[in-house]
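Going down the list, the sequences are from chains D and U.
Residue numbering for the first sequence follows the numbering used here, beginning at 1 and increasing consecutively.
Residue numbering for the second sequence follows the numbering used here, beginning at 1001 and increasing consecutively.
C-beta: ideal position from N, C-alpha, C; glycine also.
Predicted model, so just to flag it, every value in this text is computed and none were measured.
Heads up, the thing below is written out as structure tokens.
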Amino acid sequence: MYRLFFLFLFISTLFSQTNFPNSKVQLIDNKSINLHNLTSEVSFVSFWATWCLPCLKEIDKLNEFIDDYENVSVILINEDRPGDKAKVKSFIRSRKYPIDDNYHVVFDFDKKLSRQFSAEPIPLTLILKDNKVVYRKRGFYVGDEVELKRQLGEALSD
Amino acid sequence: MIKKIFVITVLFTSAYSQVDISNQLSARYGDSDNDYNYNEIYLDTKLSLNRENYRLESILNFEVSDPPEIGLNANGLDGYLFGFYNDKFSFEVGDIHQTWGRGLLLNQLDFQNLDFDTGSRGLGMQFNYEGKILNIIMGDTSSRKSTTVLGNYDPRVPNYFIDQFIYGADFSLDIAKFNIGTAFLLVDEKERSLSHILTNVRIDRSHKSGEFFMSIVNKVSEKDSGQNYLPPAIVYPKKDGGGVYLSNTNYFKNWALTSSYRKFTIDVNDPVIRYNIVDNYSQALDIQRSPSGFYQHTFRLLSRTSKEVNLNDEVGVEIQLLGPINDNTNIAVNYMKSSSSKQWYNGLGVLAGDWFSDNNSLPSGSQDSYPFEEIFIELSGYSPKGNIFYKVGMDFQDQVFNVLSNSGEVKSFEITESFTLPFLVNVAVNPLWNVEVQLELQKLKTGFDTTIVSDVDGIEDNYSFNSLLSEEYQKNLFLALSANYNQKWSFNLSHESTNSDESLLDSGQDESFDSSNDWNSVSLAYKFNSDHMLELFYGSIRGGLDCTNGVCRYIQAFDDGIRIDYSRNLD
């Protein structure tokens, strides 16, 4: 079994790359949409939940600087329970998350996206360039936003 | 055979470089004085082929563990999923996890830290056409638990296994401004000769100033009495249960007020057999989850007093107010009250075992109906400069979780009362240093409230309280300090203590029982890059309830040992 395990690890590491899938997701207004309709040339994606403190700190910091990046779309993938849908919507409203054409919150109730990106433990942050993952980060400490801004800048200038 | 197919698939697809491959590796090791030892490696591999009109995907989960932190040993492929997805149709084979509506009928979860996986090994399909969605599922579901009802109880190793075959469908569509859904699910369980039929209707209305949701579920359980020709033949009655959940949210500028009502009566039983998960054949299934009904606490001590919603027998209300006090501060006020859907009376004394009941359509405060009440207020926000984040709360809880006797002569209830003050502050000292302090104080009372009723005029009832702890009130303290340097190094210290030991809770049969009064630990973590981390831990962690997204499980204490956690993304 170990041989199979390491063979897998070796082969898959050699060929690793990740495209962001064009999955159908549900927005907070209950509409269904494909993920690629939400992304732009450069996109910021974060897996989060209302009970995850580092996630909230990351989003708060993101909201402080994201206006400076007009061409970057934001997709916050919510990992709360399906039964907490009303609470998530209330939370977003009370925190004044700037939902608009470039800033989206989507639900991942069946955890399909979470499983695909091994998102646990959250937060998991992705920066996409042309729907390809160019940066991946787990966890958040205040101060990490400096690196996030740098990565966004690099993705935009490439 | 399946292993060969996987290897060939990987080799073939990699060679042609058409496929995205993504890997996450994690390894965990633990060794403690109380034999809380584990050794486990996980590898999650995802392969996906993205085309303009469709996507093919596979997810493979490997686990090598001997023993794992919780659950059973594993050595090889632990889970897999193959899927085909396009705009209007998806087809999956393998370990399927689906959620229908908000989960009252089907909500399949996978929490590795609790060894809780209610996915089905089989196939799932989804048809999606202009807002009309049809989900189909068919497969085997295996769940496992540790229960004290059976003899060989171990908090880390399951001793009770349930294998079920499930199949069903869920359909939802938009009509006018409503989303309406309906579902059915058939569940067969060979081991206990059981079959369940579940049906659900729901309605969802979202609008600019709020939202409304209602879901109704019905469950019919039948147990085959078998070919028992010898008297006395056991005849198991067909059991019919159900539940209703209502939720309404209104927005007022940036404030939101959510109120919900639930009444679940899937398997109502008297206090003697209420918690017997083995013999009660018509209980709610593990694949069912209630929409909210509790607050998801993030603080350590509050997490241990969390309450799970009881789908079998509960009526409850919940009110939550959320909003910003000013630009930097948010407040959340939560009120929850619930009770059993019946009020129980032990008319003829405990030994006679006859219980009578009255219905509750609203949550009752009477001790005879397992009341639970919680008020939680939380303030969170930032300093004007934005470099200090804080979160402070106040929580009151009051619960009766066992009715032992309620006769005319003796009334005895097992109760818990707690008052908790949690506080957290995080300071970004400068661009390199980040410091966090978390302090939680809790006063907790748990034990038996007993009243001997006097039937003699002039003599008052005799009231007594017998604590399950060595003191009447347990005072708990949790303190954690952490410092992060340059987003690379993390140093954590934690201290937890209590004034009273819990030895009275020890029946003497549980070898893993922890009778300590304080638990200290230190850990150091290093991030090699943004998703590559190593953490070393030394010390003790107090055991207790661990809740993840509404699923709770008792976790054994970790006594004076080391832990090593390593995780790496291999993209």
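Residues near residue i in its chain [Cβ-Cβ closer than 6 Å; skip 5 each side]
i	result
residue 1501 of chain U	1470, 1515 and 1517
residue 1074 of chain U	1063 and 1065
residue 1350 of chain U	Because residue 1350 of chain U sits at a pLDDT of 49, beneath the cut-off of 50, its placement in the model cannot be relied upon, and the following sentence gives the value as read from the coordinates. Same-chain partners within the cutoff: 1405.
residue 1495 of chain U	1479 and 1520
residue 156 of chain D	42
residue 129 of chain D	42 and 155
residue 1286 of chain U	1118 and 1143
residue 1181 of chain U	1101, 1172 and 1202
residue 1224 of chain U	1193
residue 1462 of chain U	1452
residue 1133 of chain U	1172
residue 1115 of chain U	1070 and 1071
Sequence-distant residues of its chain with Cβ nearer than 7 Å to residue i (five each side left out)
i	result
residue 1401 of chain U	1370, 1414 and 1416
residue 1150 of chain U	1159, 1160 and 1278
Buried versus exposed, by CB contacts within 10 Å (16 or more), residue i
i	result
residue 1355 of chain U	buried
residue 1456 of chain U	exposed
residue 1332 of chain U	buried
residue 1472 of chain U	exposed
residue 1198 of chain U	buried
residue 1385 of chain U	exposed
residue 70 of chain D	exposed
residue 1554 of chain U	exposed
8 Å Cβ cutoff met for residue i and residue j
i	j	result
residue 43 of chain D	residue 90 of chain D	no
residue 1087 of chain U	residue 31 of chain D	no
residue 1299 of chain U	residue 1436 of chain U	no
residue 1120 of chain U	residue 1166 of chain U	yes
residue 1169 of chain U	residue 143 of chain D	no
residue 1578 of chain U	residue 1288 of chain U	What the structure shows of chain U is the stretch from 1001 to 1571, and residue 1578 of chain U is not part of that stretch, so it cannot be assessed.
residue 1563 of chain U	residue 1528 of chain U	no
residue 1565 of chain U	residue 1540 of chain U	no
residue 18 of chain D	residue 1571 of chain U	yes
residue 1245 of chain U	residue 1290 of chain U	yes
residue 1050 of chain U	residue 1078 of chain U	no
residue 94 of chain D	residue 1324 of chain U	yes
Euclidean distance between Cα positions of residue i and residue j
i	j	result
residue 1113 of chain U	residue 112 of chain D	18 Å
residue 1129 of chain U	residue 1137 of chain U	18 Å
residue 1191 of chain U	residue 1210 of chain U	46 Å
residue 139 of chain D	residue 55 of chain D	8 Å
residue 1556 of chain U	residue 1362 of chain U	36 Å
residue 151 of chain D	residue 135 of chain D	7 Å
residue 1207 of chain U	residue 1464 of chain U	53 Å
residue 1396 of chain U	residue 1449 of chain U	19 Å
residue 81 of chain D	residue 1293 of chain U	12 Å
residue 1264 of chain U	residue 1318 of chain U	14 Å
residue 1127 of chain U	residue 1485 of chain U	50 Å
residue 1412 of chain U	residue 120 of chain D	44 Å
residue 1125 of chain U	residue 1070 of chain U	32 Å
residue 96 of chain D	residue 1251 of chain U	12 Å
residue 1019 of chain U	residue 1531 of chain U	22 Å
residue 1316 of chain U	residue 1360 of chain U	10 Å
residue 118 of chain D	residue 1047 of chain U	13 Å
residue 1141 of chain U	residue 1052 of chain U	34 Å
residue 1176 of chain U	residue 1253 of chain U	26 Å
Endpoints, beta strand (DSSP E) assigned at residue i
i	result
residue 1366 of chain U	No beta strand (DSSP E) contains residue 1366 of chain U, which DSSP labels as neither H nor E.
residue 1357 of chain U	1355-1359
residue 1180 of chain U	1178-1189
residue 1144 of chain U	1132-1145
residue 1078 of chain U	1074-1085
residue 1419 of chain U	1410-1428
residue 137 of chain D	132-138
residue 105 of chain D	103-107
residue 1256 of chain U	1255-1264
The ligand FAD heavy atom lying under 7 Å from the CB of residue i
i	result
residue 1552 of chain U	Looking at this structure, you won't find the ligand FAD or any other ligand, since it has none at all.
Residue interval of the alpha helix (DSSP H) (run including residue i)
i	result
residue 1303 of chain U	1300-1304
residue 92 of chain D	85-94
residue 113 of chain D	112-116
residue 57 of chain D	53-65
residue 157 of chain D	145-157
Residue i at chain C interface by Cβ criterion, 8 Å
i	result
residue 48 of chain D	Going by chain labels, chain C is absent from the structure shown, which instead holds the protein chains D and U.
Proximal residues to residue i (C-beta, below 8 Å), its chain only, five neighbours per side dropped
i	result
residue 48 of chain D	55, 56, 58, 59, 76, 77, 78, 79, 122 and 123
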